[in-house]
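A short worksheet on the structure shown next.
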Amino acid sequence: MQDHIDTQIRAFIEPRFPGRSWTDDDDIFALGFVDSMFAMEVVMFVERTFEVTVPNDELHMDNFRSVRSMAALVRRISAGPRTGAVPA
Numbered sequence: 001m002q003d004h005i006d007t008q009i010r011a012f013i014e015p016r017f018p019g020r021s022w023t024d025d026d027d028i029f030a031l032g033f034v035d036s037m038f039a040m041e042v043v044m045f046v047e048r049t050f051e052v053t054v055p056n057d058e059l060h061m062d063n064f065r066s067v068r069s070m071a072a073l074v075r076r077i078s079a080g081p082r083t084g085a086v087p088a
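Heads up, the sequence shown stops at 88 in UniProt numbering, and the numbers go up one at a time, no gaps.
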């Protein structure tokens, strides 16, 4: 199921790679779309656009490999603190 989160993330990534075919499940690192600078841009985009702060323990590649994994991260963070999480 796609929602506005997926759509906004795709809209951010897609223009940077015109003419390339990919899906929301494709690994954008494996496809060569992402370098370290763009990875930081993606994190900043997610935080600004969805008004979330990505905690340090969530800053790993698996959370940013695909549109779907980024959208899942946003949903998880937006849902609130995890059980057992210690507020900063």
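C-beta atoms are modelled at their ideal positions from N, C-alpha and C, and glycine is treated no differently.
Closest by C-alpha distance to residue i, when choosing among the options
| i | options | result |
| --- | --- | --- |
| Val54 | Ser66, Asp35, Ile77 | Ile77 |
| Ile13 | Ala79, Ser66, Gly80 | Ser66 |
Spatial distance of residue i from residue j (CA atoms)
| i | j | result |
| --- | --- | --- |
| Asp25 | Ser69 | 8 angstroms |
| Val74 | Ser36 | 20 angstroms |
| Glu47 | His4 | 15 angstroms |
Buried/exposed call for residue i, threshold 16 Cβ in 10 Å
| i | result |
| --- | --- |
| Leu59 | exposed |
| Ala11 | exposed |
| Ala71 | buried |
| Gly84 | Its pLDDT being 47, under 50, Gly84 is placed unreliably in this model, and the value from its coordinates should be taken loosely. Classification for Gly84: exposed. |
| Met1 | No answer about Met1 holds up, because its pLDDT of 42 lies below 50 and its placement is not dependable. |
Test item: CB-CB of residue i and residue j under 9 angstroms
| i | j | result |
| --- | --- | --- |
| Phe33 | Trp22 | yes |
| Phe64 | Val43 | yes |
Count the C-beta pairs between the region 43-54 and the region 17-30 that are closer than 8 angstroms, then say yes if the count reaches three, no if not. no
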